[in-house]
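Those protein sequences? They're chains D and V, same order as listed. Take 64 as the starting number for the first sequence in the working numbering and just add one per residue. Take 7 as the starting number for the second sequence in the working numbering and just add one per residue. Ideal Cβ placement from N, Cα and C applies to all residues, glycine included. Take a look at the structure set out below.
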Amino acid sequence: MQNRAKFGVGIGVILASMAFMAWLGYGESKTYYHTIAEYQGLQGSSRQHRMRLAGTVVPGTIKHSAGHIDFVLEEEGKTLPVSYIGTDPLPDTFIDKSQALVEGRPGSDGLFVAEHVQAKCASKYEAAPGGDKPAPVNTQTSSR
Amino acid sequence: MDVFGSFSLLLAFVCAVYAFVAGIVAIKTRHPLLIKSARQAGIATCALIFVGTFSLIYLLFTDNFSVAYVVSHSNRDLSSFYKVAALWAGQEGSLLFWSFLLSIYVISVLIAYRNKNGELMPYVGVILAGVQIFFLTLNNFVESPFKALGAMQANGTIDLLTRQDGNGLNPLLQYPEMVIHPPNLYSGYTGFTIPFAFALAALLARYPGEKWIHLTRKWTMIAWCFQSVGILLGAHWAYAVLGWGGYWGWDPVENASLLPWLTGTAFLHSVMMQEKRGMMKVWNVWLVFSTFLLCIMGTFLTRSGVVSSVHAFANSQIGPWFVSFMALILVVCTVAYVKNRDYLASENQLDSIVSRESSFLFNNLLFLVACIAVLSGTLFPVFSEALSGSRISVGAPFFNKVMIPIGLAILFLTGVGPLLAWRKTSQESLKRNFGWPLVISLAVGASFWMVGYRHLYSDLSFVLCAFVAWTIFLEFWRGGKVLSARTGMGMVMSMHELAMRNTRRYGGYLVHFGMVLIFIGLAGAAFNKDVQKSMNLGDSLVIGPYKLVLQSGDTKAEANYTAQRMILEVLKNDKQIMMLYPEKRNFQANQESGTMVSIYSSLKEDLYVVYAGQDPDTNLPVIHAYLNPLVKWVWLGGVIVVFGTLLALMPNRRVALALQATPETAPTASAVRQGLQPSIPLREGHD
Numbered sequence: 064m065q066n067r068a069k070f071g072v073g074i075g076v077i078l079a080s081m082a083f084m085a086w087l088g089y090g091e092s093k094t095y096y097h098t099i100a101e102y103q104g105l106q107g108s109s110r111q112h113r114m115r116l117a118g119t120v121v122p123g124t125i126k127h128s129a130g131h132i133d134f135v136l137e138e139e140g141k142t143l144p145v146s147y148i149g150t151d152p153l154p155d156t157f158i159d160k161s162q163a164l165v166e167g168r169p170g171s172d173g174l175f176v177a178e179h180v181q182a183k184c185a186s187k188y189e190a191a192p193g194g195d196k197p198a199p200v201n202t203q204t205s206s207r
Numbered sequence: 007m008d009v010f011g012s013f014s015l016l017l018a019f020v021c022a023v024y025a026f027v028a029g030i031v032a033i034k035t036r037h038p039l040l041i042k043s044a045r046q047a048g049i050a051t052c053a054l055i056f057v058g059t060f061s062l063i064y065l066l067f068t069d070n071f072s073v074a075y076v077v078s079h080s081n082r083d084l085s086s087f088y089k090v091a092a093l094w095a096g097q098e099g100s101l102l103f104w105s106f107l108l109s110i111y112v113i114s115v116l117i118a119y120r121n122k123n124g125e126l127m128p129y130v131g132v133i134l135a136g137v138q139i140f141f142l143t144l145n146n147f148v149e150s151p152f153k154a155l156g157a158m159q160a161n162g163t164i165d166l167l168t169r170q171d172g173n174g175l176n177p178l179l180q181y182p183e184m185v186i187h188p189p190n191l192y193s194g195y196t197g198f199t200i201p202f203a204f205a206l207a208a209l210l211a212r213y214p215g216e217k218w219i220h221l222t223r224k225w226t227m228i229a230w231c232f233q234s235v236g237i238l239l240g241a242h243w244a245y246a247v248l249g250w251g252g253y254w255g256w257d258p259v260e261n262a263s264l265l266p267w268l269t270g271t272a273f274l275h276s277v278m279m280q281e282k283r284g285m286m287k288v289w290n291v292w293l294v295f296s297t298f299l300l301c302i303m304g305t306f307l308t309r310s311g312v313v314s315s316v317h318a319f320a321n322s323q324i325g326p327w328f329v330s331f332m333a334l335i336l337v338v339c340t341v342a343y344v345k346n347r348d349y350l351a352s353e354n355q356l357d358s359i360v361s362r363e364s365s366f367l368f369n370n371l372l373f374l375v376a377c378i379a380v381l382s383g384t385l386f387p388v389f390s391e392a393l394s395g396s397r398i399s400v401g402a403p404f405f406n407k408v409m410i411p412i413g414l415a416i417l418f419l420t421g422v423g424p425l426l427a428w429r430k431t432s433q434e435s436l437k438r439n440f441g442w443p444l445v446i447s448l449a450v451g452a453s454f455w456m457v458g459y460r461h462l463y464s465d466l467s468f469v470l471c472a473f474v475a476w477t478i479f480l481e482f483w484r485g486g487k488v489l490s491a492r493t494g495m496g497m498v499m500s501m502h503e504l505a506m507r508n509t510r511r512y513g514g515y516l517v518h519f520g521m522v523l524i525f526i527g528l529a530g531a532a533f534n535k536d537v538q539k540s541m542n543l544g545d546s547l548v549i550g551p552y553k554l555v556l557q558s559g560d561t562k563a564e565a566n567y568t569a570q571r572m573i574l575e576v577l578k579n580d581k582q583i584m585m586l587y588p589e590k591r592n593f594q595a596n597q598e599s600g601t602m603v604s605i606y607s608s609l610k611e612d613l614y615v616v617y618a619g620q621d622p623d624t625n626l627p628v629i630h631a632y633l634n635p636l637v638k639w640v641w642l643g644g645v646i647v648v649f650g651t652l653l654a655l656m657p658n659r660r661v662a663l664a665l666q667a668t669p670e671t672a673p674t675a676s677a678v679r680q681g682l683q684p685s686i687p688l689r690e691g692h693d
């Protein structure tokens, strides 16, 4: 075989196998981002996807129960009840009014079942005019 | 001091614009005084950026709470150590820090080469000034760190304010490594500007030969070393502070730091093809261009929050600026390439698939595929939203599926590549070089399997690590033997002498050995375990060979935070080995909490213990323990990589020294080299 052809085959094999692995990994881990309003409008098979939703934790809604923690997220007037079933404790930044990002799948009765929760601290100080806001902090739970 | 700092940055901007414009005119007119004037403006720009940066540090150290940035990122009780870290804790400060580190490189280059490479340097000066103008624009007009704190009054006027205290530093940053990780990573990002400037300058000036590669070699290696250390320190920080038991989560900002490292590593290898055989010239130039673009993109991803991430501290307005700057660089590089591409014609063809050239080609291909995979995975939400309207992200399984096989293939080439001859390798040489390493590595793999470490990728990694380590050892051993026979020195001294005579080659092997250790550590991750338990005083938790007994808990008040601490006794085979103290810290200034992980680390495994808060039902403390095998090898490997790079940066020791010692037997440098490698006519350069 010509050298050029040998290199072509070698490169082709590497690219094809990597593309295949990427496709497998994509199928396994793809997650859709939705707003709460979009989520509530989802129909049929698109409700089966793994997804991420963001919102502000409604004050007073965090309820600890055995095996899960329930809370309500709010975004642009729409609310979403969430049940967190992950094993890791929630991040330190997860408190009332914090901005949270939940990842999981829709459960029954409109409840969203989250396996991961990330929380970003709401600014504790009002932005000073002419100044800037304190840097918000992101932390996350994960079972990686 | 804020006005002083602000003014010096403005003046730096003016100087940079002058250096840029005067430099272009100087290239056209070739007027020596104008060339000198442009260079001096470049030096002045750097000096003024230093003044601006030190002004901000001074404001942080003197608790000047009339400056918005100081209020947002510092407080009175913050220790001096972390007041330095406040410099890069926020958007404005970290962009100034970028300019500052870039200026250290720029001023070094401008001064070191002031009387050399007269044809090339005016171009280099213009390109560097162009990059500085971009960052100074952000520092002055978009994200100024010197904004005063003010309050809008009812009549529309703004009153200046001074606060009694600041909001404090982000708790995640109050960890010793956070004081050294960002400077390292940023030194890597900024450092790649220098090879970029030289590559583009050489292309624009049609500068003859491979001289730009020789000139930028050490700059590239310095940047690469900083980038490597920065990535590892970041991983170690995540491991010790975030408390999820791992050190790499394919977070967008981690990925952003890996991207230029991948192309930079590819570049460090492919330049050898150009030096030795005059091949891959176009590839090399584009690798440098891409590396620089990825550095800018890394900064953009870190700072702009375009992809939601642990690190995306702020969503700001700098996005369009960065995208425009990257587009501009791409246009400039493409135009320069199209106009001068005949200058980059290859001088040779590939001769055989079993050759050094071929190993470099596949090495580069794998690095490039890795880079594309990480880049596309990271930007997937952005692309998918633009193309299909739905924002889709991919997670760790995607990256692991692609990157683990690529990593193993690169590890294989790390062992194979250096032992293959240039042009074509004979079967006999293949047997001689690879026979023993192959046998030993398979034996290592089999023994790991026997003792219960059974995981395909991890075992493959152990096999390849043994293979590469043994081939590296053979290289040192064979070279040392030749030198020992000729000089009468002992083997250890001969191997040391050998490394000192060809620092680039043997420094490179040492870096490879460091990577082997890192891979051993990465392979250990397949065997991680974890246990979580709500514990009463006296309760115990068992993980692997360890038993953790909760002895007590206490609270200790420090200047800047209050720590709630759990005190755990660690027993192994019923013998007490140590105490661990995982903590939760509550920072008074901003009412935020942080986690301090407690780790008992050995070469075999890390016992990693987190105080995960209180169980809401029982109010008992929750202890989360992880057993992570071989993690320490990752950090050890990082140290070896640094030593290897430092060795490769040292000048070669002259053989004349050896001649003086044993004049009758000392070999010449070429004799030593021919003893190590099949002699084929190659050009100047190292391997």
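Closer than 8 Å to chain D by CB, residue i
| i | result |
| --- | --- |
| G11/V | no |
| A379/V | yes |
| S599/V | yes |
| I627/V | First, the residue type needs correcting, since residue 627/V is Pro and not Ile in the sequence shown. It does not; no Cβ of chain D falls within 8 Å. |
| L642/V | no |
| A203/V | no |
| A402/V | yes |
| D465/V | no |
| V375/V | yes |
| W397/V | At residue 397/V the sequence reads Arg, which differs from the Trp that was named. Cβ-Cβ to chain D under 8 Å: yes for R397/V. |
| L15/V | no |
| S358/V | yes |
| I412/V | yes |
| K407/V | yes |
| V20/V | no |
| Q538/V | yes |
| P387/V | yes |
| D623/V | yes |
With 16 other Cβ atoms within 10 Å as the buried cut-off, status of residue i
| i | result |
| --- | --- |
| H275/V | buried |
| D165/V | exposed |
| E611/V | buried |
| S61/V | buried |
| V615/V | buried |
| K287/V | buried |
| F87/V | exposed |
| T308/V | buried |
| A333/V | exposed |
| I302/V | buried |
Proximity test, Cβ basis, 8 Å: residue i and chain V
| i | result |
| --- | --- |
| A177/D | no |
| R115/D | yes |
| D133/D | no |
| L226/D | An answer regarding residue 226/D cannot be provided, because it is not within the stretch 64 to 207 covered by chain D. |
| P144/D | no |
| I99/D | no |
| T124/D | no |
| D159/D | no |
| E91/D | yes |
| A185/D | Only weak support is given to the placement of A185/D: the predicted model assigns it a pLDDT of 45, under 50, and the question is left unresolved by the model. |
Unbroken alpha helix (DSSP H) run spanning residue i, endpoints
| i | result |
| --- | --- |
| L142/V | 127–143 |
| T297/V | 287–310 |
Contacts of residue i in chain V (Cβ-Cβ under 8 Å)
| i | result |
| --- | --- |
| P152/D | A618, G619, V628, H630 |
Opening and closing residue of the beta strand (DSSP E) in which residue i lies
| i | result |
| --- | --- |
| K430/V | Segment: none, K430/V is in no beta strand (DSSP E) and carries neither H nor E. |
| S394/V | Here S394/V belongs to no beta strand (DSSP E); instead the alpha helix (DSSP H) covers 362–394. |
Identity of the residues DSSP links to residue i by a beta bridge
| i | result |
| --- | --- |
| M278/V | DSSP lists no partner for M278/V. |
| K126/D | D133/D |
Chain-ordered chain V contacts of residue i [CB-CB under 9 Å]
| i | result |
| --- | --- |
| I77/D | F368, L371, L372, V375, I412, A415 |
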